[in-house]
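S.K.: Here it is: the structure, laid out below.
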Amino acid sequence: MDFALSEEQTLIFDMAKGFGEEHIAPHAQKWESDGTIPKELWPQIAELGLGGIYVSEEYGGSGLSRLDATLVFEALAMSCPSVGSFLSIHNMCGGMIDKFGSEETKQKWLPDLCAMNKVFSYCLTEPGSGSDAAALKTRAERDNEGYVLNGTKAFISGGSYSDAYICMVRTGEDGPKGISTVVVEDGTDGLSFGALEKKMGWLSQPTSQVQFDDCKVPADNLIGEEGKGFTYAMNGLDGGRLNISAGALGGAQKALDLTVQYMSERKAFGKSINQFQALQFRLAEYETKLQAARTFLRQAAWKLDNGDHDATKYCAMAKLMVTDVAFDVANGCLQLHGGYGYLADYGIEKIVRDLRVHQILEGTNEIMRLIISRQMITA
Numbered sequence: 008m009d010f011a012l013s014e015e016q017t018l019i020f021d022m023a024k025g026f027g028e029e030h031i032a033p034h035a036q037k038w039e040s041d042g043t044i045p046k047e048l049w050p051q052i053a054e055l056g057l058g059g060i061y062v063s064e065e066y067g068g069s070g071l072s073r074l075d076a077t078l079v080f081e082a083l084a085m086s087c088p089s090v091g092s093f094l095s096i097h098n099m100c101g102g103m104i105d106k107f108g109s110e111e112t113k114q115k116w117l118p119d120l121c122a123m124n125k126v127f128s129y130c131l132t133e134p135g136s137g138s139d140a141a142a143l144k145t146r147a148e149r150d151n152e153g154y155v156l157n158g159t160k161a162f163i164s165g166g167s168y169s170d171a172y173i174c175m176v177r178t179g180e181d182g183p184k185g186i187s188t189v190v191v192e193d194g195t196d197g198l199s200f201g202a203l204e205k206k207m208g209w210l211s212q213p214t215s216q217v218q219f220d221d222c223k224v225p226a227d228n229l230i231g232e233e234g235k236g237f238t239y240a241m242n243g244l245d246g247g248r249l250n251i252s253a254g255a256l257g258g259a260q261k262a263l264d265l266t267v268q269y270m271s272e273r274k275a276f277g278k279s280i281n282q283f284q285a286l287q288f289r290l291a292e293y294e295t296k297l298q299a300a301r302t303f304l305r306q307a308a309w310k311l312d313n314g315d316h317d318a319t320k321y322c323a324m325a326k327l328m329v330t331d332v333a334f335d336v337a338n339g340c341l342q343l344h345g346g347y348g349y350l351a352d353y354g355i356e357k358i359v360r361d362l363r364v365h366q367i368l369e370g371t372n373e374i375m376r377l378i379i380s381r382q383m384i385t386a
């Protein structure tokens, strides 16, 4: 059993980390204030091969593994969890099209997705169906040209910003078997957006409702087969949970790195505060938690890459463990900064605000407990 990263994986991590430090970190607070990410950033990221991380190379992707992807998103989150997480959503869309789309579908969407000429968002959640995703109400009725969509999606990262939206819609009966997946392009008649949401964190990501009012979508915008959309969505969420965990891990690691530096400089009672044993023990605790979380996350990613029968359970366990640990560590780092941790200039409070949502999206951590326990009982 080899826990070491390969030389290639180390280069992937270092590349993403270096790009973030140069092109994201210096602007993160401004983008948060502006409430948006400049679209000019995405083609630069695509040049590194990060627009289609696990899309096949023949369609312009990098063909990397889920484990490789966790390295990318951990590294980018060390500069800004919000920006890294937005990229992870785009990549989740690419992975779904690559895995479940027809040859024609892949040729239609993936080259622009991988080049990030088009930014993609993922639309599953609705105002009345969050954890109970199979209860979604947005309907897609067949007509002579394709589908006519009516309904609303909620909490959509990239709402009113992205160029295309992968949407789970109801084409048949109630429940999971009646759900299909379609792509809706920005500018489509009948597509509109709610007001931008005012959020606690992830402030650089525009977030809004996505609304469909007799929104006409061509038949060839269907991904895969009718009635399989819920399966596609759940499959995509396994990888999404790993990515969102990696983002939380990267943010928490950055918080801890900043805290170690701060404690070496901050003096109280005549010496730097890193000389107080009680505070040293806090650092040791946080380092141990993050290293354990990192190891477990990479094991879960390895299982997903290898198609292990319990990969879904491990992805859920990783999401539960890593996001809880990461938030607790970041929050503890804020405490170790004292009053300065509450100030935006020190960078800690942003990380705490950003990481809080990682415990909620891609399935709440309560739902993760449900997935884990059900699989235990079934086994």
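According to this note's numbering, numbering within the sequence shown proceeds without interruption in unit steps and concludes at 386.
Cβ atoms here follow ideal geometry from the backbone N, Cα and C, with glycine treated the same way.
Every value quoted in this text rests on a predicted model; they were computed, and no experiment measured them.
DSSP on I173, reduced to helix/strand/coil?
M.R.: Looking at I173 - three-state DSSP - the assignment turns out to be strand.
S.K.: Secondary structure at F276, three-state DSSP: helix, strand or coil?
M.R.: Note: F276 maps to coil in three-state DSSP.
S.K.: Could you tell me the distance, in whole angstroms, from the CA atom of G197 to the CA atom of A240?
M.R.: Their Cα atoms are separated by approximately 24 Å.
S.K.: Nearest to E28 by CA position, among A82, I374, S40 and I60, is which residue?
M.R.: With distances taken between Cα atoms, E28 lies closest to A82.
S.K.: So, helix, strand or coil for T371, using DSSP?
M.R.: Three-state result, T371: coil.
S.K.: For the beta strand (DSSP E) containing A32, name the first residue and the last one.
M.R.: No beta strand (DSSP E) holds A32; DSSP gives it neither H nor E.
S.K.: Spatial neighbours of F162 within its chain, please: CB distance less than 6 Å, with the 5 preceding and 5 following residues excluded, ordered by chain position.
M.R.: Same-chain partners within the cutoff: T132.
S.K.: Which ranges does the beta strand (DSSP E) cover as unbroken runs of at least 3 residues, wholly within the segment 175-237, from first to last along the chain?
M.R.: Within the segment 175-237, the complete beta strand (DSSP E) runs of at least 3 residues are 186-192, 198-200 and 214-225.
S.K.: Taking 7 Å as the cut-off, decide whether the C-beta atoms of Y172 and S128 are in contact.
M.R.: Against a cut-off of 7 Å, the Cβ pair of S128 and Y172 comes out as a contact.
S.K.: Find out if the Cβ-Cβ distance for the pair S252, L304 is shorter than 7 Å.
M.R.: Contact flag set, yes.
S.K.: Give a yes or no on whether 7 Å exceeds the smallest Cβ distance from L74 to chain B.
M.R.: No chain B appears in this structure, which consists of one protein chain only.
S.K.: Assign L143 to one of two classes, buried (16 or more other C-beta atoms within 10 Å of its C-beta) or exposed (fewer than that).
M.R.: It counts as buried.
S.K.: From which residue to which residue does the beta strand (DSSP E) around F127 run?
M.R.: F127 to C130 is the span of the beta strand (DSSP E), which, as asked, contains F127.
S.K.: Go through its chain and collect everything with a Cβ distance to W116's Cβ below 6 Å, but skip five positions before and after it.
M.R.: Same-chain partners within the cutoff: I104.
S.K.: What are the boundary residues of the alpha helix (DSSP H) that G102 is part of?
M.R.: Residues P88 to F107.
S.K.: Which full runs of the beta strand (DSSP E) of 3+ residues lie inside the segment 132-163, going along the chain?
M.R.: Qualifying beta strand (DSSP E) stretches, in chain order: 146-149.
S.K.: Which class does G58 belong to by DSSP, given the choice of helix, strand or coil?
M.R.: G58 falls in the coil class under three-state DSSP.
S.K.: Identify whether G70 lies in helix, strand or coil by the three-state DSSP scheme.
M.R.: In the structure shown, G70 sits in coil (DSSP, three-state: anything other than H, G, I, E or B).
S.K.: Considering only residues of the same chain and omitting the five flanking positions on each side of I378, which have a CB-CB separation below 6 Å?
M.R.: Once the five neighbours on either side are set aside, the close Cβ partners of I378 are A323.
S.K.: Using 8 Å as the Cβ pair cut-off and three pairs as the minimum, do the segment 175-189 and the segment 227-237 touch?
M.R.: Cβ pair count under 8 Å is three or more, so yes.
S.K.: What separation, rounded to the nearest whole angstrom, lies between the Cα atoms of F107 and E204?
M.R.: Distance between the alpha carbons of F107 and E204: 32 Å.
S.K.: Looking at D193: is its Cβ nearer than 7 Å to the Cβ of V126?
M.R.: Not closer than 7 Å, so no.
S.K.: Roughly how many whole angstroms lie between the Cα atoms of P33 and L229?
M.R.: In a straight line, the C-alpha of P33 is about 40 Å away from that of L229.
S.K.: Terminal residues of the continuous alpha helix (DSSP H) containing V359?
M.R.: It spans I355 to R363 - the alpha helix (DSSP H) in which V359 sits, taken as one unbroken run.
S.K.: Taking Q282 as the reference, give the member of Q268, F93 and T295 with the closest Cα.
M.R.: With distances taken between Cα atoms, Q282 lies closest to Q268.
S.K.: Give, in chain order, every unbroken run of the beta strand (DSSP E) that is at least 3 residues long and sits entirely within the segment 294-350.
M.R.: Those beta strand (DSSP E) runs which fall completely within the segment 294-350 and span 3+ residues do not exist here.
S.K.: Could you work out which residue in A202, T195 and N250 is closest to L327 when comparing CA atoms only?
M.R.: The candidate whose alpha carbon is nearest that of L327 is N250.
S.K.: Name the two residues that bound the continuous alpha helix (DSSP H) containing A122.
M.R.: E110 to A122 is the extent of the alpha helix (DSSP H) around A122.
S.K.: How long is the line joining the alpha carbons of A35 and S86, rounded to whole angstroms?
M.R.: Straight-line Cα distance between these residues: approximately 8 Å.
S.K.: Would you call M270 buried or exposed, if buried means 16 or more other Cβ atoms sit within 10 Å of its Cβ?
M.R.: Buried, since its Cβ has 16 or more Cβ neighbours within 10 Å.
S.K.: Would you kindly check if the distance between the Cβ of N372 and the Cβ of V359 is under 7 Å?
M.R.: Not in contact: V359 and N372 (Cβ atoms no closer than 7 Å).
S.K.: Using a Cβ-Cβ cut-off of 8 Å (strictly less than) and excluding sequence neighbours within five positions of L78, which residues of its own chain qualify?
M.R.: Same-chain partners within the cutoff: L12, Q16, I19, F20, A23 and A253.
S.K.: Are there three or more Cβ pairs, one per stretch, closer than 8 Å when the segment 211-226 is compared with the segment 150-165?
M.R.: With a cut-off of 8 Å, the segment 150-165 and the segment 211-226 count as touching, because enough Cβ pairs lie within range.
S.K.: By how many angstroms is the C-alpha of I384 removed from the C-alpha of G67?
M.R.: Cα to Cα, G67 sits roughly 42 Å from I384.
S.K.: Give a yes or no on whether the C-beta atoms belonging to L290 and E39 are separated by under 7 Å.
M.R.: The answer is no: Cβ separation not under 7 Å.
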